[in-house]
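Worksheet: the structure to be examined is printed underneath.
There are 2 protein chains.
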Amino acid sequence: MKVLFSFFPKQDQQTSLMEKFPQADFIFRKSLDEEVLKTADILVTYGEDLCASHLETATQLKWIMVASAGLEKMPLEEIASRNIMLTNARGIHKTPMAESIIAHILSIKKSLPTMARNQRNGEWSRKLNSSELFGSTALILGVGAIGSEVGRLLQAFGVRTIGCNRSGKIAPSMDAMVPFSKLKETLPDADIVISILPSTEETKHLLTYEQFQCMKQSAIFMNFGRGDVVKEEELLRALKEECIAYAVLDVFEKEPLLQGHPFWEMNNVIVSPHASSHSSQYVIRALGIFSNNLTEWLNGSDQLENIIDAKRGY
Amino acid sequence: MKVLFSFFPKQDQQTSLMEKFPQADFIFRKSLDEEVLKTADILVTYGEDLCASHLETATQLKWIMVASAGLEKMPLEEIASRNIMLTNARGIHKTPMAESIIAHILSIKKSLPTMARNQRNGEWSRKLNSSELFGSTALILGVGAIGSEVGRLLQAFGVRTIGCNRSGKIAPSMDAMVPFSKLKETLPDADIVISILPSTEETKHLLTYEQFQCMKQSAIFMNFGRGDVVKEEELLRALKEECIAYAVLDVFEKEPLLQGHPFWEMNNVIVSPHASSHSSQYVIRALGIFSNNLTEWLNGSDQLENIIDAKRGY
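If you're matching them up, the sequences are chains A and B in order.
The opening position of the first sequence corresponds to residue 336 in the working numbering, with each subsequent residue numbered one higher.
The opening position of the second sequence corresponds to residue 336 in the working numbering, with each subsequent residue numbered one higher.
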């Protein structure tokens, strides 16, 4: 049985897999090796290197493990039509992303950027206009693993959490829930609006100038899901007009963010270069999911973690 | 009954006190009015303006409310010998201070200062060397209201909390406790060392070069208690020698921090200008405690909140 990796884990991570599964033939490559793929049973990929055409000759392929959460670049139709099992690493982002989101919120609330500027100028100034997170209200768009973890941490800080998704059905760590259709009337209540939405037909351009106008002038807007949930030009307009106080953006319509884009120089924008999910624990956790699943699979079980319906894409 | 304030609350805060206590004669001044003090029954002060000599002529004074937590600048002996009741606003710092402490920790863990520098340079760089707070260990020196609140929040982030005080007796939100005498042997376990200790004979210069040498090279040291708990010159040496990774300092031996002090320019030091307890809610909360206590006092009760034994100083 041949397991092809299209990325290169650390030596000890490779060794640990080979020791645990002596029956498997692991082939680690720094990118997708199309020759090896033709005879591989399993492909482990970050999900950005596989095309439909690759699958035509990958006649042995039974399982693709995507070691990330995003599946937008995967040839889902071909995977579905060839009955290849698809799993991903959903859930491993929740700890680093929730920590990043809370980090940015507290940094703004406690005026850390101003404090840093004062330090660079050698200026002892206690007038920082800090405010408290305690007692504020957060609206969380997207209440999966990450959104719920953000909600749990915010609740620990005494924040009221309102979740928002398609159905409006209750989710963990949310004090209240609203469906997308009630978004506009809920926006004025929120001190912090956090999108962790994936890119789908329903979420694309969910947030336009109209929505930003409904937010508090003191609101912090955060996009940590996908760039196209926001009409970027309209967010820019709202920020220039100071409809809201701050935007913290981890994702953009085009990444990397273009040189010379106004966001780089705006005092009310934090540019986080799609970095919020980074973690020294990332590969370890993704390989942990894969390793557990491989044990199940070798035992003939179909009780694998994070199986994706390729037809639906989630 | 005459109540003298040596600071000036907002108009609505003044009005609300006057309406609640029509029997009292409130006199609000921007600094200590020594003439009015001679006939005042109650003094409400931030605790930095009263000398022993003032008390000699304040013959009517029965109660001093200090609208902060620090009592170092109060003439405690004279207050004790004249049997004046002393209360303070202990506890109101816990929310803003704990939020500030977590803000700084997450900011460092998530490399927000590097991210901000990259943004100023228009540089999209995902190599930020971020790490996770989850799974780390924090040693909290001083486990009163603030330390316990910091412990509670850290535990929510999956941090192991070790408290440290004189007795080593268990305190809320601590996974373990050690007494000061076991400090040195506990320091190597901690990823984050946070001092929220007051200035007393026992805590003065508790942390010297020797203690910093025991910490992890990757450790973040935070002083949010009192400056003289640390031998500042020895901390400076430890930082220059990179015995530890970061110091976040809200308090200093001399405040404001002197112009030209090396801390201002060090990349591994965050200078927080004694700002961590600031909050828009500060005066509201302090006056809340005072107002409740005044009701009790007018009813002849001695069940007041935060009564201080002036002889002991706490």
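Think of the CB as a built atom: it goes at the ideal place given N, C-alpha and C, for glycine as much as any other residue.
Exercise. Counting pairs of Cβ atoms below 8 Å between the stretch 594-614 of chain B and the stretch 459-473 of chain A, do you hit three or more?
Worked result: At 8 Å Cβ cutoff, the stretches touch.
For this session: Can you tell me which of the three DSSP states Tyr581(B) falls into?
Result: Within the second sequence, numbered from 1, the residue matching residue 581(B) stands at position 246. In the three-state reduction of the DSSP assignment, Tyr581(B) falls in the strand class, which pools E and B.
Exercise. In the DSSP assignment, what residue or residues form a beta bridge with Ser530(A)?
Worked result: Taking the first residue of the first sequence as position 1, residue 530(A) is located at position 195. Its beta-bridge partners are Leu476(A), Asn558(A).
Exercise. How would you call Ile505(A), buried or exposed, if buried means at least 16 neighbouring beta carbons within 10 angstroms?
Worked result: Along the first sequence, one-based indexing puts residue 505(A) at 170. That one is exposed.
Problem set entry | Min CB distance Lys345(A) to chain B below 8 Å | If you number the first sequence from 1, residue 345(A) lands on position 10. With its beta carbon at least 8 Å from every one in chain B, Lys345(A) lies outside the interface.
Exercise. Along the stretch 599-611 of chain A, what residues have a CB closer than 9 Å to any CB found in chain B?
Worked result: Listed in sequence order: Trp599, Glu600, Val604, Ile605, Val606, Ser607, Pro608, His609, Ala610, Ser611.
Exercise. Within 8 Å (strictly less), CB to CB, does His613(B) reach chain A?
Worked result: What you label residue 613(B) is simply residue 278 of the second sequence in a count that begins at 1. Taking Cβ atoms only, chain A reaches closer than 8 Å to His613(B), which makes this a yes.
Problem set entry | Straight-line Cα distance separating Ser442(A) from Glu407(A) | Translated into positions along the first sequence, residue 407(A) becomes position 72. Translated into positions along the first sequence, residue 442(A) becomes position 107. A straight line joining the alpha-carbon of Glu407(A) with that of Ser442(A) spans about 32 Å.
Exercise. Closest to Met400(B) by CA distance: which of Ser553(B), Ser416(B), Glu484(B), Asn423(B) is it?
Worked result: What you label residue 400(B) is simply residue 65 of the second sequence in a count that begins at 1. Of Ser553(B), Ser416(B), Glu484(B), Asn423(B), the residue nearest in Cα terms is Asn423(B).
For this session: Could you pull out every unbroken alpha helix (DSSP H) segment of at least 4 residues lying fully inside the stretch 433-475 of chain B, listed in chain order?
Result: DSSP runs (the alpha helix (DSSP H)) wholly in the stretch 433-475 of chain B: 447-455.
For this session: Kindly give me the distance between the Cβ atoms of Val604(A) and Ala582(A), rounded to whole angstroms, as I take these residues to be in contact under 8 Å.
Result: Sequence index remark: in the first sequence, residue 604(A) carries index 269 (1-based). Sequence index remark: in the first sequence, residue 582(A) carries index 247 (1-based). Their Cβ separation, rounded to whole angstroms, is 5 Å, which keeps Val604(A) and Ala582(A) in contact under 8 Å.
Exercise. So, is the C-beta of Trp632(B) closer than 8 Å to a C-beta in chain A?
Worked result: Against the second sequence, residue 632(B) aligns to sequence position 297. No, Trp632(B) lies away from the interface with chain A (no Cβ there is under 8 Å from its Cβ).
For this session: Would you tell me roughly how many angstroms separate the C-alpha atoms of Asp510(B) and Gln348(B), rounded to the nearest one?
Result: What you label residue 510(B) is simply residue 175 of the second sequence in a count that begins at 1. What you label residue 348(B) is simply residue 13 of the second sequence in a count that begins at 1. Each residue's alpha carbon lies about 41 Å from the other.
Exercise. Based on the DSSP secondary-structure assignment, which residues constitute the bridge partners of Val338(A)?
Worked result: Along the first sequence, one-based indexing puts residue 338(A) at 3. Residue pairing from DSSP places Val338(A) in a beta bridge opposite Phe361(A), Ile377(A).
Exercise. Do you know offhand how far Trp599(A)'s Cα is from Ala451(B)'s?
Worked result: In the first sequence, the residue the question calls residue 599(A) occupies position 264. In the second sequence, the residue the question calls residue 451(B) occupies position 116. Straight-line Cα distance between these residues: approximately 10 Å.
Exercise. Taking the Cβ atom as the reference point for each residue, do Met557(B) and Ser534(B) lie within a distance shorter than 8 Å?
Worked result: Against the second sequence, residue 557(B) aligns to sequence position 222. Against the second sequence, residue 534(B) aligns to sequence position 199. No, they are not a contact pair.
Exercise. Counting pairs of beta carbons, one from the stretch 509-527 of chain B and one from the stretch 483-500 of chain B, are three or more of them closer than 8 Å?
Worked result: Short answer: they touch.
Problem set entry | C-beta contact flag for Ser341(B) and Thr374(B) at 8 Å | Taking the first residue of the second sequence as position 1, residue 341(B) is located at position 6. Taking the first residue of the second sequence as position 1, residue 374(B) is located at position 39. It is not a contact, given that the beta carbons lie outside the stated cut-off.
For this session: Hey, could you find the ends of the alpha helix (DSSP H) Arg620(A) is sitting in?
Result: Start at 1 with the first residue of the first sequence, and residue 620(A) comes out as number 285. Per DSSP, Arg620(A) belongs to the alpha helix (DSSP H) from 617-633.
For this session: Measure the C-alpha to C-alpha separation of Trp632(B) and Ile624(B) and round it to an integer number of angstroms.
Result: As a first step, residue 632(B) is located in the second sequence; it is residue number 297 there, counting from the start. As a first step, residue 624(B) is located in the second sequence; it is residue number 289 there, counting from the start. C-alpha of Trp632(B) to C-alpha of Ile624(B): approximately 12 Å in a straight line.
Exercise. Nearest-angstrom Cα distance between His428(A) and Arg561(A)?
Worked result: In the first sequence, residue 428(A) corresponds to position 93, counting from 1. In the first sequence, residue 561(A) corresponds to position 226, counting from 1. If you draw a straight line from the Cα of His428(A) to the Cα of Arg561(A), it comes to about 14 Å.
Exercise. Using a C-beta to C-beta distance shorter than 8 Å, which residues of chain B count as neighbours of Ala651(A)?
Worked result: What is shown of chain A runs 336 to 649, which leaves residue 651(A) out entirely.
For this session: Establish whether the CB of Gln548(A) and some CB of chain B are separated by less than 8 Å.
Result: Taking the first sequence and counting its residues from 1, one reaches residue 548(A) at position 213. By this cut-off, Gln548(A) is not an interface position.
Problem set entry | Buried or exposed by the 16-neighbour rule on C-beta atoms within 10 Å, applied to Lys646(B) | Walking along the second sequence from the start, residue 646(B) turns up at place 311. Around the beta carbon of Lys646(B), fewer than 16 other beta carbons lie within 10 angstroms, which makes this residue exposed.
Problem set entry | Integer Cβ distance of Gln552(B) from Glu577(B), believed to fall under 8 Å | The count along the second sequence starts at 1 and reaches residue 552(B) at position 217. The count along the second sequence starts at 1 and reaches residue 577(B) at position 242. Contact between Gln552(B) and Glu577(B) holds: their C-beta atoms lie close to 7 Å from each other, under 8 Å.
For this session: Please compile the residues from chain B whose C-beta is within a distance smaller than 7 Å of the C-beta of Gly457(A).
Result: What you label residue 457(A) is simply residue 122 of the first sequence in a count that begins at 1. Within chain B, the residues near Gly457(A) are Gln594, Trp599.
For this session: Flag this pair as yes or no: are the beta carbons of Ala473(A) and Thr496(A) separated by less than 8 Å?
Result: Mapped onto the first sequence, residue 473(A) falls at position 138. Mapped onto the first sequence, residue 496(A) falls at position 161. Cβ atoms of Ala473(A) and Thr496(A): closer than 8 Å.
Exercise. Which term fits His613(B), buried or exposed, when burial requires 16 or more other beta carbons within 10 angstroms of its beta carbon?
Worked result: Stepping through the second sequence from its first residue, residue 613(B) is reached at position 278. By the Cβ neighbour-count rule, His613(B) is buried, with 16 or more other Cβ atoms within 10 Å of its own.
For this session: Below 6 Å CB to CB, which residues in the same chain sit around Val338(A) once its five sequence neighbours on both sides are set aside?
Result: Looking up residue 338(A) in the first sequence gives position 3. Cβ neighbours of Val338(A) beyond the five flanking positions: Ala359, Phe361, Ile377.
Exercise. How many Å lie between Leu592(A) and Arg417(A) at the Cα?
Worked result: Reading the first sequence from its first residue, position 257 is the one you call residue 592(A). Reading the first sequence from its first residue, position 82 is the one you call residue 417(A). So the alpha carbons of these two residues sit roughly 36 Å apart.
Exercise. Alpha helix (DSSP H) containing Ile414(B): first to last residue?
Worked result: Within the second sequence, the letter at position 79 stands for residue 414(B). Segment 411-416, the alpha helix (DSSP H) holding Ile414(B).
For this session: Could you pull out every residue in the same chain whose Cβ sits closer than 8 Å to the Cβ of Glu567(B), ignoring the five residues on either side in sequence?
Result: For this step, residue 567(B) is matched to residue 232 along the second sequence. For Glu567(B), the CB contacts under 8 Å within the same chain, skipping 5 residues up- and downstream, are Phe587, Glu588 in chain order.
Exercise. Nearest chain B C-beta to Leu629(A) closer than 8 Å, yes or no?
Worked result: Counted from its first residue, the first sequence places residue 629(A) at position 294. Judged by the 8 Å Cβ criterion, Leu629(A) is not in contact with chain B.
Problem set entry | Coil, strand or helix - Ala387(B) by DSSP | As a first step, residue 387(B) must be located in the second sequence, where it is residue number 52. In the three-state DSSP reduction, Ala387(B) falls in the helix class (H, G or I).
Problem set entry | Alpha-carbon to alpha-carbon, Leu421(B) and Val565(B) | Walking along the second sequence from the start, residue 565(B) turns up at place 230. Walking along the second sequence from the start, residue 421(B) turns up at place 86. When only Cα atoms are considered, Val565(B) and Leu421(B) end up about 29 Å apart.
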